[in-house]
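Undergrad: Residue numbers (the numbering used here), protein chains in the order written: chain A, 1 to 333; chain B, 1 to 263; chain C, 1 to 681. For every residue, glycine included, the Cβ atom is placed at its ideal position computed from N, Cα and C. Sharing a structure with you now.
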Amino acid sequence: MENNHRNVLVFGEVLMGKIVPITLELLAIGRRLADDLGEELYLMLLGEGTGRLGEEAITFGADQVYFSEEKLLNQYNSDLYTHVADSFCRRVLPSVILFGHTDIGCDLAPRLNGRIGGGLSIDCMDLSIDKEKKHLIMRRPVFGGNAIATVISNRVPQMATIRPKTFQPLEKNLSRQGDVIPLEEKIDPSLIKARVVNYIKEEVEGVKLEEAEVVVSGGRGIEDKKNFTLLKELADLLGGAIGATRVACDEGWVPAHLQIGQSGKVVSPKIYIAIGLSGAMAHISGCLGSKYIVAINKDSEANIFNVAHLGFVGDWKEVLPPLIERLRELKGK
Amino acid sequence: MNIIVCVKQVQDPEIPPSKFKIDPETKQVIPPAGVPPVISVYDERALEAACRLKDKYKAKIVAITIGTDKASEVIRHAISMGADDGYLLCDPAFESKDSFKTAYILSKAIEKIGAFDLVLCGRQAADWGAGQVGSILGEMLTVPVVSFACDIDVVDTGLRVKRVVSDGYEILEVPMPCLITVSSEVGLPRLPSGMRIMLARKKPIPVWKATDINIEHSLLEKGHEHTEIIGLVVPERKSECEIIKGTPKEAAYEIAERLVSML
Amino acid sequence: MSLLNISYLGISGYVIFWGMFVIALFLFSRRIYFLYKVIRLGKGEDRFDRIGERIKYTLSTMFSQRCTLKSIKKGDLAGIGHALLFWGFSCFFISYIILIGFAEGFGMQFLRGGTFERAVFTVLDIAGLFVIFCILWAAVRRYLIKPDRLEMSFEAGFIMSMVLSLMVLYYAIESCRFALMGESSRWPPISMAIATYLLEKNVGQATLWGVFVWSWWLHYIFILVFMVYIPYSKHLHILVSPFNLMFKPMDRKVLIEPVSSDMSEEEMVKGLGISGIQDLKWKDILDVFACAKCGRCHINCPAQLSGKILSPREFIKGIKEHTLEVAPLLLGQNGDKQKEERGKTFIDGKVKEEEIWACTTCGLCQEVCPVEIEHVRKLIGLRQNLVLEKNTMPEGIQNMLRNMQMRGNPWAGAQSLRLKGDWINEAGMEPLKEGDGISTLLWVGCTGSLIDRNVKATISLAELLKRAGIKFGVLGEGEPCCGDPARRAGYDFQFQILAEENREILRSYNIKEIITSCPHCYNTLKNEYPLYGLDLKIIHYTELLCDLVKRDKLSFSKTTGSLLTYHDPCYLSRYNGIYQEPRTVIGRIPDVRYKEMERSCKETFCCGGGGAHMWIEEKRGTTRINHLRIEEVTKTGANAVITSCPYCLQMLEEGIESKGLKGVLEAKELSEVLLAAMEKT
Ligand SMILES: Cc1cc2nc3c(=O)[nH]c(=O)nc-3n(C[C@H](O)[C@H](O)[C@H](O)COP(=O)(O)OP(=O)(O)OC[C@H]3O[C@@H](n4cnc5c(N)ncnc54)[C@H](O)[C@@H]3O)c2cc1C
Ligand code: SF4
Ligand code: SF4
């Protein structure tokens, strides 16, 4: 691939004045890629107050940090971010761009790609460099996780979105040197086509799903809304949260935000209890990071038993009540 | 309001892992016997979103798909759900997994269909899941793009879109014409009414070839792909699951002990 | 002694007699004509084929009173009462025509006097006693015992007192007449006895004459009132039910009306399925007029018995009331009004949506109905309208239909996709290939190939057939759904699409004969597919096994130990008359212990799973249908209940489990029991 694109760019995200963990994870993998390519690692940060985060980013592996203190960029706006990223890339010509597989990344990466004409793979689980061809090799699940595809891009920039917690951030290295460079471009507010007019936060009671140590998940086998209260009871006892498969969300038994899987949340709790769900790959890919998976399913051939550590073949309705009762006893002691 | 919905026929994504087979040589998935292909889930929900707009306002829905002649089934499905017309874009030259090519073909078909107010796509396909055709198509059509919508309504300035984010929803307003990609939170798609099923059965579905929509053949040639799949494997998973024997109650007690010991 | 030769207040008796008759006849005919026009509002349907057979059936049923007597073996003795009343009143009816009509009215006095008259009165005398007895009995039942199936009504009381009065007047007339004539004889016994008594008591001639004259005229007036009243009341069934018997469906008990698929768009917009009377067939309207409100359907319907809101009797009554309400407007000349009324539906008026979905299409109502009313096709017609046109249906049905549309089988979920066809490997078989030369197909059905429990039964069946040396093939993964759940749910187009596709599949394999394991598949393939061009030999496996054991191709060597009972699947026994076959086969198990349930064979009681009810969350009634059935099973003391239907098996098993009978009672598919009774080969 003959071209004049060089260097790896990480698109950074900031929340409440801090660089979010996924960005640090991206810096780690970006660092490795840049080293393998023999190129530099850039980071881009947008919004007021990002300038002072540059030094910190450098300690996590960045060589150059570009930032814009533009007020208009404080909140994510698809149109503006796409524009800024696009004009930046046309100027700096990175060969690789990395995004988090987050709300922002999932929206921005495809749009930027559409504008700039690179090659994008979303939801990558692994990235490496073909050192001979200086290609980025991306591996990503396809067919709902039933298969893994290896993808290369014939165009630059080569882009990827990566799920949070796929990589470990680097150790903070205070001795690292780098530049923090402001972006001076003025932004024309008329570029905004789709305007955010409101934001509705979904209230979660109890522990947040992504942060819970224990997740109790239910699927089609739970059969109705009422039965989910039993799962909730179990989750509460264990100090955890409840999750669900898409079927359960579609049926309206639980809110859509509790969906775990490929198109839902990704969780990696200590204990994942899967009840009355078959373990479709599209669901499993959202909980594979769990340390210990317990499955209760009446179908002995259900796929969930292929990933679980502990399983019981039977009707959950006969298991859950004594389980809850026993847990109470044990906890009471 | 003129709505165009882009839909895709995919191999049934619900087949269990044990039935999922690939040919690593050709990097193709081998369709399992007896399991017919289906409309991609998000696309079906995009159709549902379009139909809901049509229920509420005056709208004309046109569905388009790129696929083999078998894919006319998804157009029929779209019509039975509520689309007024549908076209099958079928040409050996269209065969590709590259999102840019797909978007290019769609954009040409949309050009031929004519003026539109809204283009709807699923957020990603249920098979390869590249998740970018909508955004690329939006750029090609030079219209604003909103992704991951779960609800769309008409307001003075254009459309009001409810968009799914990880801890809630964003409400956006966007002028028309625009392109919106739809997420599964739209909710279950409708069951086609009997009347529409028969209507869809009888409706002829025009097939457009490359020449019908003024495609520059050279752009579809090999080597123009932006991305390329160079490998496909089925991950090996060995089961290490310990299955508890005994009555449900015994099992419950066993599980309880283990859970408590781990916390 | 003709009373008509006398003048009353200067008016000739003949004039009064015929005058009253003409008025009554006018009122009567006007009503009948109206009802006729109402029936004609229904859509056309050919029920005039095999007319000789139909007439023969009607007459023999009516005069033998088979229709009402069939329920007495279940302890419902009312049938005897009805039969006696029918025969008794028939005698009177004939005598009215001969003695009053011809002899008096037309002055054909030669019909009177002599042995003939003596004989007629003797018969009437005795018949009268029966009639009075029956009326009193009916009154006691209706007003004191109050069985579930009957409702209190003014009509019934009125008619009963009317008939009773007619009888009393009859005895008054005849005894006075005999007393006036001073005759004495032993025949007719009762009137003569009273006459003798009157003479002994020296009742004066004038009194006798007065009572005679007044009674005679009153009697006559009552007859006319009765005649006019009948078509205005529920006793309309007296007039209509013979026709209803005549126009019954001939070969099968339960028919379903397909929704025509080659309608134009305009026709479709007019309506699909049944929503108002304009959508009914004429026979459906005849049906509602034929209903005697006897309530036999009401006390047998599983939906009703388990506390759902559906009662087939009330359902028919609802349609009747609606029809009588709307019909005058529909028949009237007022164009606007007519249009307005045409749009009126019974749905959520006289018939509730919940009712429509509560029916399991078990057909028991039709089996017990003495006048051959067809409930099921109306209920399905209403579902067709709800599903095809209004797009409203229970959630479970919606999911089932969506799955059927997308994936070609009614069962959702990962399991169904995994198992489809997998059972073949377990059974050591291979799917049929074109050109195999095998022309017999074992059609397993979705449930038998997708649901764990049923798959086990399927494997036993395949093994059984192999051991019997039957050469057969299976389609495995390629086996489509027969479409039964879609049709019963009213999604008729989907059914038709499947039927046509399946026809092509089966033709491509050159299949000549199909053995089905599921009664629902059996019913659709055998009875409903011919309309879509597939007319193969369809046999249910129980028929085949019966044939095999009779020809000694299959025999059993081990006894089962447990006490068995057999649950007849509705779609096998009632719908298709197959109930002897499984019993024959069970009878061949050595030293078998078997006990019949109270309700069996054609009058079997539903498991709760038919009519797409496998996918409807059973509305909470007082109990569940399968629980009722399990209670009946336990009454036999059986340890195993055998069936030959995948739905029944699931329902019975669920019933056993939730009633806590696991370990005491088990549910088995016939093929499993039989395989266990064979030596290992
Ligand atoms: C593009 C795409 C994206 C998707 N994204 C997601 C996603 O993010 N998250 C997600 O969850 N799904 C997702 N899906 C859907 C996924 O493929 C499956 O359809 C879904 O996860 C299945 O849900 P389930 O396990 O609840 O249902 P099923 O697969 O039907 O499984 C139900 C299970 O419950 C068991 N069961 C039933 N009753 C009982 C009982 N009484 N006791 C014990 N066990 C019982 C059954 O044996 C069965 O194994 C996606 C699909 C596609 C195509
Ligand atoms: S078919 Fe069965 S469930 Fe339906 S109304 Fe008749 S008796 Fe009741
Ligand atoms: S429908 Fe038949 S069984 Fe039911 S009340 Fe009427 S006559 Fe009796």
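At 9 Å on the CB atoms, spell out the chain B contacts of residue 200 of chain A, in chain order.
TA: What residue 200 of chain A touches in chain B: 162, 168, 169, 170 and 171.
Undergrad: Is there at least one non-hydrogen atom of ligand 2 closer than 7 Å to the beta-carbon of residue 207 of chain A?
TA: False, no ligand heavy atom lies under 7 Å from that Cβ.
Undergrad: Cβ closer than 9 Å: which chain A residues qualify as neighbours of residue 228 of chain B?
TA: Simply 119, 151, 152, 153 and 154.
Undergrad: What's the gap between the Cα of residue 331 of chain A and the Cα of residue 384 of chain C?
TA: Taking the straight line from one Cα to the other gives about 55 Å.
Undergrad: Return no unless some Cβ of chain C is closer than 8 Å to the Cβ of residue 197 of chain B.
TA: It does: the Cβ of residue 197 of chain B has a partner Cβ on chain C nearer than 8 Å.
Undergrad: Thinking residue 49 of chain A and residue 17 of chain A are a contact (beta carbons under 8 Å), I'd like their distance in whole angstroms, please.
TA: With a Cβ gap of about 6 Å, residue 49 of chain A and residue 17 of chain A count as contacting.
Undergrad: For residue 676 of chain C, verify whether its CB is less than 7 Å away from any heavy atom of ligand 1.
TA: Answer for residue 676 of chain C: no, Cβ out of range of ligand 1.
Undergrad: Please state whether the Cβ-Cβ distance between residue 14 of chain A and residue 39 of chain A is less than 8 Å.
TA: No; because the gap between Cβ atoms is not below 8 Å, this pair is not in contact.
Undergrad: Using the three-state DSSP reduction, which class does residue 238 of chain A fall into: helix, strand or coil?
TA: Coil.
Undergrad: So is residue 191 of chain B in contact with chain C if we call contact Cβ pairs under 8 Å?
TA: Chain C, which has a Cβ nearer than 8 Å to the Cβ of residue 191 of chain B, makes this yes.
Undergrad: To be precise: take each residue of the stretch 76-90 of chain B, compare its Cβ to all Cβ atoms of chain C, and keep it if any distance is under 9 Å. Which residues remain?
TA: Those residues of the stretch 76-90 of chain B that come within reach of chain C (Cβ to Cβ, closer than 9 Å) are 77 and 80.
Undergrad: Are any of the Cβ atoms in chain C nearer than 8 Å to that of residue 187 of chain B?
TA: It does not: the Cβ of residue 187 of chain B has no partner Cβ on chain C nearer than 8 Å.
Undergrad: Thinking C-alpha only, which one of C:220, C:295 and C:279 is nearest residue 79 of chain C?
TA: The shortest C-alpha separation from residue 79 of chain C is found at C:295.
Undergrad: For residue 268 of chain C and chain B, any beta-carbon pair shorter than 8 Å?
TA: For residue 268 of chain C, the answer is yes, since a Cβ of chain B falls inside 8 Å of its Cβ.
Undergrad: Tell me the rounded alpha-carbon separation between residue 34 of chain B and residue 290 of chain C.
TA: When rounded, the distance between both Cα atoms is 49 Å.
Undergrad: Give, in chain order, every unbroken run of the alpha helix (DSSP H) that is at least 4 residues long and sits entirely within the stretch 131-163 of chain B.
TA: Entirely contained in the stretch 131-163 of chain B, the alpha helix (DSSP H) runs reaching 4 residues are, in chain order, 133-141.
Undergrad: Please name the residue in A:136, A:256 and A:216 whose C-alpha comes closest to that of residue 186 of chain B.
TA: Looking at the Cα atoms, A:256 is the closest of the given residues.
Undergrad: Sorted by chain position, which residues of the same chain lie with C-beta nearer than 7 Å to residue 315 of chain A's C-beta, five sequence neighbours on each side aside?
TA: Result list for residue 315 of chain A: 298, in chain order.
Undergrad: Please report how far the alpha carbon of residue 243 of chain A lies from the alpha carbon of residue 153 of chain B, in whole angstroms.
TA: For residue 243 of chain A and residue 153 of chain B, the distance between alpha carbons rounds to 29 Å.
Undergrad: Grab me the residues of residue 401 of chain C's own chain with a C-beta within less than 7 Å of its C-beta, minus the 5 sequence neighbours each way, in chain order.
TA: Counting only Cβ-Cβ distances below 7 Å, and skipping sequence neighbours, we find 486, 489, 491 and 494.
Undergrad: Please list the segments of the alpha helix (DSSP H) lying wholly inside the stretch 621-657 of chain C, counting only runs of 4 or more residues, in order along the chain.
TA: Counting only runs of 4 or more, we get 625-636.
Undergrad: Closest to residue 27 of chain A by C-alpha separation, out of A:210, A:43 and A:37, would be which residue?
TA: When only C-alpha atoms are compared, the closest one is A:43.
Undergrad: Does the CB of residue 265 of chain C have a neighbour CB from chain B at under 8 Å?
TA: Residue 265 of chain C counts as touching chain B.
Undergrad: For residue 563 of chain C, which residues in the same chain have their Cβ closer than 7 Å to its Cβ, ignoring the five residues on either side in sequence?
TA: 593, 595, 637, 638 and 639, listed in sequence order.
Undergrad: Is there contact between the stretch 165-184 of chain B and the stretch 226-234 of chain A, where contact requires at least three CB pairs shorter than 8 Å?
TA: Verdict: no, contact absent.
Undergrad: Closest by CA to residue 126 of chain B, which one among B:244, B:246, B:242 and B:13?
TA: Looking at the Cα atoms, B:13 is the closest of the given residues.
Undergrad: Determine the DSSP secondary structure at residue 564 of chain C, reduced to helix, strand or coil.
TA: In the structure shown, residue 564 of chain C sits in a strand (DSSP, three-state: E or B).
Undergrad: Nearest-angstrom Cα distance between residue 180 of chain A and residue 236 of chain A?
TA: Rounded to whole angstroms, residue 180 of chain A to residue 236 of chain A spans 47 Å at the Cα level.
Undergrad: Can you list, in chain order, the stretches of the alpha helix (DSSP H) that have 4 or more residues and sit fully within the stretch 347-419 of chain C?
TA: The qualifying runs are 353-358, 364-368, 376-384, 395-407 and 414-419.
Undergrad: 8 Å is my cut-off, CB to CB: does residue 261 of chain C come that close to chain B?
TA: Yes, its Cβ sits closer than 8 Å to a Cβ of chain B.
Undergrad: Could you check how far apart the C-beta atoms of residue 173 of chain B and residue 154 of chain A are, in whole angstroms? I think they sit under 8 Å.
TA: 38 Å between Cβ atoms; not a contact.
Undergrad: Give a yes or no on whether 8 Å exceeds the smallest Cβ distance from residue 179 of chain B to chain A.
TA: Answer no: the Cβ-Cβ gap between residue 179 of chain B and chain A never drops below 8 Å.
Undergrad: With a Cβ-Cβ cutoff of 8 Å, do residue 524 of chain C and residue 483 of chain C count as a contact?
TA: Contact flag set, yes.
Undergrad: For residue 316 of chain C, verify whether its CB is less than 7 Å away from any heavy atom of ligand 3.
TA: Residue 316 of chain C Cβ: within cutoff of ligand 3.
Undergrad: For residue 5 of chain B, which residues from the same chain have a beta carbon less than 8 Å from its beta carbon, with the 5 sequence-adjacent residues on both sides left out?
TA: Closer than 8 Å at Cβ, skipping near neighbours: 43, 46, 47, 50, 61, 62, 63, 64, 78, 83, 119, 120 and 121.
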